[in-house]
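Residue numbers (my numbering), protein chains in the order written: chain R, 2 to 112; chain E, 7 to 118.
Structure below.
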């Protein structure tokens, strides 16, 4: 069966520090991969999505970047975190235009 | 780019009352999906609609996809406290292959 792993679950980082969040998918090939951010009590903002290795589409200009070094691995990074980067980060995958499966999310607090 | 609007942002109901959330897209969609996110959790898929004018039911939940495939609704009959959470619609379509765009969500509170 397919599973998605996202870690860590919570993270507290100082302003100006780097960030690396990793997401891996098992049990499927060539998935579409997504990174979303959710502010408290708000909707899901699409940050990046990828339809294949090395193919990354960025949705909003920001302090973050994404990479897909392997078919089932999606990484969200920042060189220097800002206070405004705090939020709930969710990784998700889907195949073609079917349902998306979400990871458990990472709650990032930048202090 | 593709935008998906969802209203209302918040809805407070008494247990037993009905609830509806509406979703509108700026472009024609290939499909519309609905998700539920419990407080503190992650979104979980509920259903997908593909055909123009499609209506699907899951127990007390009724989902509709508009004839033009640009709008959708989720209706809950006789809400229960277990219905509490945020309901999202999400769509794919047009030239944005692979891009799943979510609406802002409707936060539902049910008072016992």
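Just so you know, even glycine gets a beta-carbon here, dropped at the ideal spot from N, CA and C. Remember, it's a predicted structure, so these values are computed and weren't measured experimentally.
Determine the closest residue to residue i out of the options, with distance taken between C-alpha atoms.
i: residue 89 of chain E; options: E:34, E:12, E:25; result: E:25
i: residue 41 of chain R; options: R:85, R:27, R:53, R:50; result: R:85
i: residue 22 of chain R; options: R:110, R:100, R:103, R:90; result: R:90
i: residue 85 of chain E; options: E:65, E:74, E:79, E:73; result: E:65
i: residue 43 of chain R; options: E:94, E:59, E:67; result: E:94
i: residue 2 of chain R; options: R:61, R:102, R:56, R:76; result: R:102
i: residue 75 of chain R; options: R:83, R:55, R:105, R:13; result: R:55
i: residue 74 of chain E; options: E:57, E:62, E:67, E:63; result: E:57
i: residue 6 of chain R; options: R:45, R:24, R:63, R:17; result: R:24
Taking the continuous beta strand (DSSP E) assigned at residue i, which residues delimit it?
i: residue 27 of chain E; result: 25-31
i: residue 116 of chain E; result: 112-117
i: residue 37 of chain E; result: 37-43
i: residue 111 of chain R; result: 107-111
i: residue 84 of chain E; result: Here residue 84 of chain E belongs to no beta strand (DSSP E), and DSSP marks it neither H nor E.
Determine, using beta carbons only, whether residue i comes closer than 8 Å to chain E.
i: residue 31 of chain R; result: no
i: residue 91 of chain R; result: yes
i: residue 105 of chain R; result: yes
i: residue 64 of chain R; result: no
i: residue 100 of chain R; result: yes
i: residue 47 of chain R; result: yes
i: residue 28 of chain R; result: no
i: residue 88 of chain R; result: no
i: residue 68 of chain R; result: no
i: residue 95 of chain R; result: yes
Using C-beta distances below 6 Å, list every residue in its chain close to residue i, excluding the 5 sequence neighbours before and after it, in chain order.
i: residue 33 of chain R; result: 52, 95
i: residue 10 of chain E; result: 31, 97, 107, 109
i: residue 58 of chain R; result: 50
i: residue 27 of chain E; result: 80, 93, 112
For residue i, which residues in the same chain have their Cβ closer than 7 Å to its Cβ, ignoring the five residues on either side in sequence?
i: residue 87 of chain E; result: 21, 116, 118
i: residue 91 of chain E; result: 42, 43, 44, 45, 114
i: residue 30 of chain R; result: 72
Does chain R have any CB closer than 8 Å to the CB of residue i?
i: residue 109 of chain E; result: yes
i: residue 94 of chain E; result: yes
i: residue 98 of chain E; result: yes
i: residue 30 of chain E; result: no
i: residue 9 of chain E; result: no
i: residue 51 of chain E; result: yes
i: residue 117 of chain E; result: no
What residues in its chain sit with their C-beta under 8 Å from that of residue i, if we drop five residues either side in the sequence?
i: residue 78 of chain R; result: 19, 20, 21, 22, 65, 66, 67, 68
i: residue 10 of chain R; result: 105, 106, 107, 108
**OP:** Any chance you could list the alpha helix (DSSP H) runs of at least 4 consecutive residues sitting entirely within the region 18-84 of chain R, in chain order?
**Re:** none
Subject >> beta strand (DSSP E) runs contained entirely in the region 40-77 of chain E, provided each spans 3 or more residues >> reply: 50-55, 61-64, 67-71
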